Amino acid sequence: MKPQDAEAFFATLREANPQPASELEYSSVFELVAAVLLSAQATDVSVNKATRRLFAIAPTAQKMLALGAAGIEARIKTIGLYRNKAKHLHEACRILVERHGGQVPRSREALEALPGVGRKTANVVLNVAFGEPTMAVDTHIFRVANRTGLAPGRNPLAVEAALLERVPEAYRVDAHHWLILHGRYVCQARAPLCAECAVRRYCDHGRSTDRHLQ
Ligand code: SF4
Numbered sequence: 174m175k176p177q178d179a180e181a182f183f184a185t186l187r188e189a190n191p192q193p194a195s196e197l198e199y200s201s202v203f204e205l206v207a208a209v210l211l212s213a214q215a216t217d218v219s220v221n222k223a224t225r226r227l228f229a230i231a232p233t234a235q236k237m238l239a240l241g242a243a244g245i246e247a248r249i250k251t252i253g254l255y256r257n258k259a260k261h262l263h264e265a266c267r268i269l270v271e272r273h274g275g276q277v278p279r280s281r282e283a284l285e286a287l288p289g290v291g292r293k294t295a296n297v298v299l300n301v302a303f304g305e306p307t308m309a310v311d312t313h314i315f316r317v318a319n320r321t322g323l324a325p326g327r328n329p330l331a332v333e334a335a336l337l338e339r340v341p342e343a344y345r346v347d348a349h350h351w352l353i354l355h356g357r358y359v360c361q362a363r364a365p366l367c368a369e370c371a372v373r374r375y376c377d378h379g380r381s382t383d384r385h386l387q
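Position in the sequence shown (from 1) plus 173 gives the number in the working numbering.
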């Protein structure tokens, strides 16, 4: 992608979806952290199904801690890797209660100190809960950034750095949502829907396909 096309690329995505949002369901910053922690290698649909029940009885770090790892585990069995995730969530709640008064800290270092919370999860929380222009590079963003040529990189950290450099400032806060949704529904892993893609004219892959057809 030509650097000068990044603006039009995001303007097009914004036009189609002016207020992009996470597809995970949550009603507080704590629930967001818990949902993102549970969502690793699982679909948002499967996480939402479990968290509707879980958050109804444990909407705070204190209540989640009181539920115990076994109590959490029993309620999230539909989510992949649920045993480890239950342990991580329980331990994360212990730290939130003991060190942060049950609140979610607004610091990357403190977030990454929570079990089950890595750089990507911390980036999601800093972005979605606190409005910081972070780039949480998941599998969709990694693919879209490389395929389109927007922010190529060999690993998620390289793509994150490239995105922070290439995404025009006006789009930085919402960029990660637009890229995830575009990757999930249009620029899909096995068969990208290039023929109906609104940003095709800016995308390296789309333009090279067009050239082959000419
Ligand atoms: S043109 Fe194809 S490869 Fe490029 S962003 Fe659109 S769907 Fe993805």
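Heads up, the beta-carbon is just placed ideally off N, CA and C, and yes, glycines get one too. These numbers were taken from a predicted model, which means no experiment stands behind them.
Residue i beta carbon near the ligand SF4 (any heavy atom closer than 7 Å)
i	result
T312	no
T321	yes
H378	yes
V332	no
P325	no
C266	no
V317	yes
L366	yes
A384	Per the sequence shown, the amino acid found at residue 384 is Arg instead of Ala. Not so, every heavy atom of the ligand SF4 lies at least 7 Å from the Cβ.
R373	yes
V340	no
V218	no
CB-CB length for residue i against residue j, believed under 8 Å
i	j	result
L299	R281	7 Å
A348	F182	Not quite, the Cβ-Cβ distance comes to about 10 Å (not below 8 Å), so this is no contact.
L240	A231	5 Å
V310	P341	Actually they do not touch by this definition, with Cβ atoms about 18 Å apart.
V220	A208	6 Å
G356	C370	That pair is no contact at about 11 Å.
M237	I245	7 Å
K260	A242	5 Å
Check whether residue i and residue j have beta carbons under 8 Å apart
i	j	result
R327	C360	no
V270	A302	no
R374	P176	no
Q192	L254	no
L352	H313	yes
A179	L354	no
L197	V372	no
V411	G291	For the chain, the structure presents residues 174 to 387; residue 411 sits outside this window and is missing.
R316	A362	yes
Of the residues the options, the one placed nearest residue i, counting alpha carbons only
i	options	result
A283	S195, R363 and V206	V206
T224	I252, E188, L238 and A324	I252
A295	K258, L210 and G244	L210
G289	E305, Y344, A194 and I268	I268
A318	C376, R256 and A242	C376
G275	R248, L287, A234 and A242	A234
A194	A368, D383, H350 and S381	H350
T307	A334, E285 and F315	A334
A144	R279, E305 and F203	Since the first residue of the chain shown is 174 and the last is 387, residue 144 is not available in this structure.
Any chain D beta carbon closer than 8 Å to residue i
i	result
Q235	Structure shown: chain D not included; a single protein chain is present.
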